[in-house]
Amino acid sequence: MKHWRIEQMDWDSFDPARVDPDIVQLVKAASVVERNGVDYALYLNNVFFDDPAFREAADNWAIEEVQHGDALGRWAMLADPSWDYPQAFERYRTSYKLELEVDRSIRGSRTGELIARCMVETGTSSFYTALADATEEPLLKAICRQIAADEYRHFKLFYDHMNRYLKREKLGVWQRMRIALGRVTESEDDELASAYHTTNEPAGIPYDHGRCIAAYMARAMRYYQPRHTVRVTGMVLKTIGITPHGWVHELVARGVYHLIRIRQKKFARQAALA
1 MKHWRIEQMD WDSFDPARVD PDIVQLVKAA SVVERNGVDY ALYLNNVFFD
51 DPAFREAADN WAIEEVQHGD ALGRWAMLAD PSWDYPQAFE RYRTSYKLEL
101 EVDRSIRGSR TGELIARCMV ETGTSSFYTA LADATEEPLL KAICRQIAAD
151 EYRHFKLFYD HMNRYLKREK LGVWQRMRIA LGRVTESEDD ELASAYHTTN
201 EPAGIPYDHG RCIAAYMARA MRYYQPRHTV RVTGMVLKTI GITPHGWVHE
251 LVARGVYHLI RIRQKKFARQ AALA
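In structure tokens:
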């Protein structure tokens with residue numbers, strides 16, 4: 001069940017004077033990634049082919065993901081009337097394709113797959129929270145807050161199913177940490193780079209992963225504040241089986257924020273050179 005609907009948003013509140021062009025580029029890229037949730041649901045249905053409860057949950061999750069994409073795409077077309085969201089999505093679908101014909105997780109186990117999904121929802125929940133805090137445009141702020149709340153619920157959904165599978169697959173903390181960190185590093189793969197390319201660059205420009213991921217990450221990482229990394233690290237620690245409280249959580253959160261700042265500056269230099 002959707003917890004909100006696009007038509008419930010106050011679209012008349014859009015204020016073009018408060019639009020940040022860099023945020024527009026991020027929203028365009030995010031819209032097509034979110035809209036592609038149907039393909040991820042197909043992949044998850046194939047991996048969990050004999051688990052009807054999870055398959056139903058994955059299908060409902062995909063419905064909300066598609067709504068996220070459509071809401072962001074509609075906002076981006078207000079911010080940039082020359083941009084065509086449906087056309088950009090079709091271009092993205094041609095550029096980036098998931099391997100759907102599978103019967104097992106690429107993570108090695110179903111628990112591993114659910115850990116990876118928890119990491120994705122951790123990243124998206126924090127990303128939309130950071131965007132909501134950063135933007136001064138009231139409509140986008142409201143949309144991002146709704147999406148961030150959805151993504152946190154999605155984290156809890158995958159986390160609960162992960163614990164169900166842990167009872168039979170029994171992955172230890174180090175195994176869970178390896179899968180979680182591996183999925184985090186995949187944020188710099190072709191999914192986001194291709195999304196940036198197909199939504200922000202003219203069709204005649206050849207795709208270059210390095211240029212596109214630098215352009216995306218230099219913008220996205222700029223908006224993270226210490227409070228956002230506290231939440232991120234708490235969700236990550238919880239997923240891998242470590243209680244997210246106390247000095248360990250605080251130390252890890254500080255380290256993550258410092259790493260984000262370093263990476264953002266690196267990507268900004270790469271983007272400037274490109």
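Once you know that position 40 of the sequence shown is 40 in UniProt numbering, the rest is easy, because the numbers rise by one and skip nothing.
Glycine included, every Cβ here is placed at the ideal spot set by N, Cα and C.
Since we're looking at a predicted model, the values are computed, not measured.
Tell whether a beta-carbon distance below 8 Å holds between residue i and residue j.
| i | j | result |
| --- | --- | --- |
| R164 | T239 | no |
| A142 | D10 | yes |
| A76 | S13 | no |
| F158 | E99 | no |
| G125 | A148 | Here residue 125 turns out to be Ser, not Gly, going by the sequence shown. Yes, these two residues count as a Cβ contact at 8 Å. |
| W4 | Q146 | yes |
| A274 | R211 | yes |
| L251 | P244 | no |
| E169 | R107 | no |
| M119 | A29 | no |
| E191 | M217 | no |
| G123 | V173 | no |
| A58 | L44 | yes |
| A116 | R183 | yes |
Does DSSP put residue i in a helix, in a strand, or in coil?
| i | result |
| --- | --- |
| G69 | helix |
| L100 | coil |
| D20 | coil |
| E137 | coil |
| M235 | helix |
| W11 | helix |
| N60 | helix |
| S109 | coil |
| E34 | helix |
| W75 | helix |
| F89 | helix |
| R5 | coil |
| F127 | helix |
| Y152 | helix |
| P244 | coil |
| F158 | helix |
Return yes when at least one heavy atom of the ligand PLP lies under 7 Å from the C-beta of residue i, else no.
| i | result |
| --- | --- |
| A271 | In the structure shown, the ligand PLP is absent, as is every other ligand, since no ligand is present at all. |
Just the Cα atoms here: how many angstroms apart are residue i and residue j?
| i | j | result |
| --- | --- | --- |
| T135 | D50 | 43 Å |
| N60 | L78 | 28 Å |
| E65 | E34 | 5 Å |
| S105 | V230 | 30 Å |
| Q264 | A132 | 19 Å |
| I6 | G234 | 30 Å |
| A272 | H197 | 16 Å |
| A195 | R219 | 14 Å |
| L139 | D15 | 8 Å |
| R74 | Q67 | 10 Å |
| P81 | T185 | 34 Å |
| I262 | A193 | 19 Å |
| P52 | N46 | 11 Å |
| F155 | Y223 | 21 Å |
| E90 | V248 | 44 Å |
| D208 | L259 | 25 Å |
| L26 | R55 | 30 Å |
| D150 | Y40 | 17 Å |
| F48 | E113 | 10 Å |
| I205 | R18 | 29 Å |
| Y128 | Y152 | 10 Å |
| residue 349 | G37 | The requested residue 349 does not occur in the structure, where the chain is confined to residues 1 to 274. |
Inset, instruction - With a floor of 4 residues, list each alpha helix (DSSP H) that falls wholly inside the region 165 to 193, ordered by position along the chain. - result: Listed in chain order, they are 173 to 185.
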